[in-house]
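A.B. asks:
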Amino acid sequence: MEAVRRSVSRLLASVRVGRFLAWRYFTRIGFVQTALTVFIMFLTFANLLLAKGILVGIVDGVFTTFQDVLTGDLYITPRTDKDFIDQSEAVEAILAATPDVVAYSPRVIVKGTIESGYQQAAVIANDMPDVVGVEIAGIDPMAEAQVTSLSSRMVEGAFLTNLDHNGVVLGARLLKRYFNIDSTQGTLEEVYVGDKIRLRVGNTVKEMTVRGVVRAKADLVDRRVFILASEARNLSGRVDPNYDEYAVLVRDGVPPEVVKTRLLAQGIGDYARVRTPQDTVGDFIDQIKDTFTMLANLIGSIALGVAGITVFIIIFITAVTRQKFIGILKAVGVSSGSIELSLVLLSLLYAAIGMLLAAGLVFGIVVPYVTRNPIDFPFSEGIVSVSLGDTVSRGALLIGITLIAALWAARRIARKRPLEAMLGR
Numbered sequence: 461m462e463a464v465r466r467s468v469s470r471l472l473a474s475v476r477v478g479r480f481l482a483w484r485y486f487t488r489i490g491f492v493q494t495a496l497t498v499f500i501m502f503l504t505f506a507n508l509l510l511a512k513g514i515l516v517g518i519v520d521g522v523f524t525t526f527q528d529v530l531t532g533d534l535y536i537t538p539r540t541d542k543d544f545i546d547q548s549e550a551v552e553a554i555l556a557a558t559p560d561v562v563a564y565s566p567r568v569i570v571k572g573t574i575e576s577g578y579q580q581a582a583v584i585a586n587d588m589p590d591v592v593g594v595e596i597a598g599i600d601p602m603a604e605a606q607v608t609s610l611s612s613r614m615v616e617g618a619f620l621t622n623l624d625h626n627g628v629v630l631g632a633r634l635l636k637r638y639f640n641i642d643s644t645q646g647t648l649e650e651v652y653v654g655d656k657i658r659l660r661v662g663n664t665v666k667e668m669t670v671r672g673v674v675r676a677k678a679d680l681v682d683r684r685v686f687i688l689a690s691e692a693r694n695l696s697g698r699v700d701p702n703y704d705e706y707a708v709l710v711r712d713g714v715p716p717e718v719v720k721t722r723l724l725a726q727g728i729g730d731y732a733r734v735r736t737p738q739d740t741v742g743d744f745i746d747q748i749k750d751t752f753t754m755l756a757n758l759i760g761s762i763a764l765g766v767a768g769i770t771v772f773i774i775i776f777i778t779a780v781t782r783q784k785f786i787g788i789l790k791a792v793g794v795s796s797g798s799i800e801l802s803l804v805l806l807s808l809l810y811a812a813i814g815m816l817l818a819a820g821l822v823f824g825i826v827v828p829y830v831t832r833n834p835i836d837f838p839f840s841e842g843i844v845s846v847s848l849g850d851t852v853s854r855g856a857l858l859i860g861i862t863l864i865a866a867l868w869a870a871r872r873i874a875r876k877r878p879l880e881a882m883l884g885r
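Sequential numbering from 461 applies to the sequence shown in the numbering used here.
1. Of all the options Asp590, Asp600 and Ser847, which has the alpha carbon lying nearest to the alpha carbon of valine 822?
2. Does DSSP put threonine 751 in a helix, a strand or coil?
3. How about the stretch 627 to 641 and the stretch 665 to 672: do they share at least three Cβ pairs that are nearer than 8 Å?
4. So, helix, strand or coil for aspartate 730, using DSSP?
5. Can you tell which of Pro559, Ile775 and Gln527 has the C-alpha that lies nearest to the C-alpha of alanine 869?
6. Measure how close the beta-carbons of threonine 573 and valine 591 come, nearest whole angstrom, since I'm counting them as under 8 Å.
7. Could you name the residues of the same chain whose beta carbon sits closer than 6 Å to that of alanine 818, not counting the 5 residues immediately before and after it, in chain order?
8. Could you give the C-beta distance for proline 566 and tyrosine 706, rounded to a whole number, given that I count them as a contact under 8 Å?
9. Got a sec? Which residues, its chain only, sit under 6 Å from glutamine 527 by beta carbon, not counting five neighbours each side?
10. Would you list the residues sitting across from lysine 666 in a DSSP beta bridge?
11. Given this structure, state the Cα-to-Cα distance separating glutamine 726 from isoleucine 554, to the nearest angstrom.
12. Between which two residues does the alpha helix (DSSP H) harbouring tyrosine 829 extend?
13. Please report the straight-line C-alpha distance between alanine 511 and valine 519, rounded to a whole angstrom.
14. Which of the three DSSP states, helix, strand or coil, is assigned to threonine 887?
15. With distances taken from CA atoms, which of Ser802, Ala678 and Thr540 is nearest leucine 530?
16. Based on the DSSP output, what are the partners of alanine 689 in its beta bridges?
17. I'd like to know if the stretch 688 to 698 and the stretch 492 to 500 are in contact, where contact means that at least 3 CB-CB pairs between them fall below 8 Å.
18. Alpha carbon to alpha carbon, how far is leucine 858 from glutamate 595? Give it in angstroms, no decimals.
19. If you run the structure through DSSP and keep just helix, strand and coil, what is tyrosine 652?
20. For a minimum of 4 consecutive residues, which ranges assigned as the alpha helix (DSSP H) are wholly contained in the stretch 541 to 568?
21. Could you check if alanine 557 is buried or exposed, using at least 16 other CB atoms within 10 Å of its CB as the buried criterion?
22. Using a Cβ-Cβ cut-off of 8 Å (strictly less than) and excluding sequence neighbours within five positions of isoleucine 769, which residues of its own chain qualify?
23. Find out if the Cβ-Cβ distance for the pair valine 570, lysine 749 is shorter than 8 Å.
24. Report, in whole angstroms, the separation of the C-beta atoms of alanine 535 and leucine 709, which I expect to be a contact under 8 Å.
25. Whose C-alpha, out of Arg871, Leu816, Ala763 and Ile825, is nearest the C-alpha of glutamate 800?
26. Let me know the beta strand (DSSP E) ranges lying completely inside the stretch 507 to 541, each 3 residues or longer, listed in chain order.
27. Rounded to whole angstroms, what is the Cα-Cα separation between asparagine 833 and valine 844?
28. Using a Cβ-Cβ cutoff of less than 7 Å, which residues in the same chain neighbour aspartate 704 once the five nearest sequence positions on both sides are dropped?
29. If valine 674 and methionine 614 are in contact, beta carbons under 8 Å, what's the gap, nearest whole angstrom?
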């Protein structure tokens with residue numbers, strides 16, 4: 461026991477000496493060297509967090525947008541053996557009886573075409589109207605506004621009202637000025653708010669007025685034409701009260717999966733499919749996220765390598781410039797372990813300060829700002845997706861690389877004999 465006590469006492473003494481020397485180095489080293497080292501650690505950790513945060517945030521932005529403009533928290537569509545939800549009244553009764561369902565937006569979906577430029581084609585020889593195949597979504601504007609953000613994503617004009625029987629809102633990808641890319645689906649040229657267009661479903665044609673253009677950054681939505689549900693029924697010749705899809709909003713804090721289970725338990729599955737946004741997009745988004753995560757890890761590994769080399773150089777230079785001092789310390793009885801520990805603690809102090817500054821920047825400034833002002837990508841509204849788990853794991857990686865690099869550099873000097881160190885050999 462006495463031997464163990466002496467060993468513990470020597471270890472604690474070595475730690476105290478190492479801590480004292482580390483603080484002495486830190487306070488005596490020039491400001492420029494300290495600032496440069498901390499800045500490199502700051503940039504490295506910020507890179508580790510933001511590289512993945514931005515890349516994964518692009519994918520999360522796609523998913524969030526998809527949920528925000530199309531599916532809501534739950535997406536109800538026809539069963540695979542049906543073309544529409546043939547018991548919509550029963551579906552709505554179940555939704556109304558479920559306490560955690562806040563609102564729902566029913567939609568009538570029909571296939572048709574949209575025509576523009578037919579006025580000129582009627583008077584100009586060899587001039588043909590633009591004709592594009594579209595999915596026409598008949599909606600209840602008030603219900604839609606309760607569930608999705610479509611009405612707030614208008615880039616031209618205004619959204620529909622419940623009394624606008626002759627109005628139409630076009631998805632931005634139907635217009636060449638917003639989607640100037642050769643596409644087999646086709647686009648309309650020179651169509652603006654206030655212009656007349658024709659919708660054709662089978663043999664039924666109706667002339668309507670463009671009220672606005674919506675840009676949702678979700679391809680399915682941006683290729684749709686929005687009109688009132690009653691007008692969609694008239695165009696398609698449907699007289700039944702059924703719908704083709706519902707977007708459902710659930711109460712805040714309630715997992716959509718829980719509400720889905722409750723709806724299925726009440727028999728809604730007999731009439732329709734109920735899916736969460738994750739179910740709707742399938743594994744595709746997750747696969748893209750995994751790919752971007754791998755890319756971010758590759759970028760991060762390069763940053764970690766640079767940080768490790770930097771720490772090695774800084775600690776090695778610090779030790780070399782203090783060889784004589786280290787030799788004197790060893791001559792008076794300070795152990796090599798204490799000297800190595802002091803240099804390692806110095807490097808960890810640099811890393812800790814840099815990491816705290818980077819975390820403060822990311823969580824205190826970047827994430828809140830980008831959440832309020834998403835990055836405007838053509839296909840999504842990008843956010844910065846950084847979790848506490850990612851921060852801890854990447855912090856541990858940086859600490860580990862710093863520890864290895866510092867220990868390697870410190871041992872090259874601290875293991876020298878006292879006389880060799882004092883003579884600078």
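All C-beta atoms in this analysis are idealised placements derived from N, C-alpha and C, irrespective of residue type, glycine included.
From a predicted model like this one, the values you see are computed outputs, not experimental measurements.
C.D. replies: Taking the definition as stated:
1. Stepping through the sequence shown from its first residue, residue 822 is reached at position 362. For the residues Asp590, Asp600 and Ser847, the minimum Cα distance to valine 822 belongs to Ser847.
2. The count along the sequence shown starts at 1 and reaches residue 751 at position 291. Residue state, collapsed to three classes: helix.
3. yes
4. As a working mapping, residue 730 is identified with position 270 in the sequence shown. Correct three-state label for aspartate 730: helix.
5. Within the sequence shown, numbered from 1, the residue matching residue 869 stands at position 409. Nearest C-alpha to alanine 869: Ile775.
6. Reading the sequence shown from its first residue, position 113 is the one you call residue 573. Reading the sequence shown from its first residue, position 131 is the one you call residue 591. Correct: roughly 5 Å between the Cβ atoms.
7. Within the sequence shown, the letter at position 358 stands for residue 818. Result list for alanine 818: Phe502, Phe505 and Ala506, in chain order.
8. Numbered from its first residue, the sequence shown carries residue 566 at position 106. Numbered from its first residue, the sequence shown carries residue 706 at position 246. Their Cβ separation, rounded to whole angstroms, is 5 Å, which keeps proline 566 and tyrosine 706 in contact under 8 Å.
9. Here residue 527 refers to the residue found at position 67 when the sequence shown is read from its first residue. Excluding sequence neighbours, glutamine 527 sits near Pro737.
10. The residue given as residue 666 occupies position 206 in the sequence shown. Note: lysine 666 sits in a beta bridge opposite Leu659.
11. The residue given as residue 726 occupies position 266 in the sequence shown. The residue given as residue 554 occupies position 94 in the sequence shown. Rounded to whole angstroms, glutamine 726 to isoleucine 554 spans 7 Å at the Cα level.
12. Reading the sequence shown from its first residue, position 369 is the one you call residue 829. First-last of the alpha helix (DSSP H) with tyrosine 829: 827 to 832.
13. Here residue 511 corresponds to residue number 51 of the sequence shown, with the count starting at 1. Here residue 519 corresponds to residue number 59 of the sequence shown, with the count starting at 1. Distance between the alpha carbons of alanine 511 and valine 519: 13 Å.
14. In the structure as shown, the chain starts at 461 and stops at 885, and residue 887 therefore has no counterpart that could be examined.
15. Indexing the sequence shown from 1 puts residue 530 at position 70. The option with the nearest alpha carbon to leucine 530 is Ala678.
16. Taking the sequence shown and counting its residues from 1, the one referred to as residue 689 is at position 229. Alanine 689 pairs with nothing; no bridge assigned.
17. no
18. Walking along the sequence shown from the start, residue 595 turns up at place 135. Walking along the sequence shown from the start, residue 858 turns up at place 398. Between glutamate 595 and leucine 858, the C-alpha separation is close to 51 Å.
19. Your numbering for residue 652 matches position 192 in the sequence shown. Coil.
20. 548 to 556
21. Counting from one through the sequence shown, the residue named residue 557 turns up at place 97. Alanine 557 should be labelled exposed.
22. For the purposes of this step, residue 769 is taken as the residue at position 309 of the sequence shown. Answer for isoleucine 769: Ala865, listed in chain order.
23. On the sequence shown, residue 570 is found 110 positions in, with the first residue counted as 1. On the sequence shown, residue 749 is found 289 positions in, with the first residue counted as 1. Taking 8 Å as the Cβ cut-off, valine 570 and lysine 749 do not qualify as a contacting pair.
24. Within the sequence shown, residue 535 is the residue found at index 75, counting from 1. Within the sequence shown, residue 709 is the residue found at index 249, counting from 1. First, the residue type needs correcting, since residue 535 is tyrosine and not alanine in the sequence shown. In fact, because the Cβ distance is near 11 Å, the residues do not count as touching under 8 Å.
25. Here residue 800 corresponds to residue number 340 of the sequence shown, with the count starting at 1. Minimum Cα distance to glutamate 800 is reached at Arg871.
26. 534 to 538
27. On the sequence shown, position 373 is the one that residue 833 refers to. On the sequence shown, position 384 is the one that residue 844 refers to. Asparagine 833 and valine 844: Cα-Cα distance of roughly 11 Å.
28. Walking along the sequence shown from the start, residue 704 turns up at place 244. Excluding residues within five positions, the ones whose Cβ falls inside 7 Å are Pro538, Phe544, Ile545, Arg567, Val568 and Ile569.
29. Mapped onto the sequence shown, residue 674 falls at position 214. Mapped onto the sequence shown, residue 614 falls at position 154. Indeed, because the Cβ distance is near 6 Å, the residues count as touching under 8 Å.
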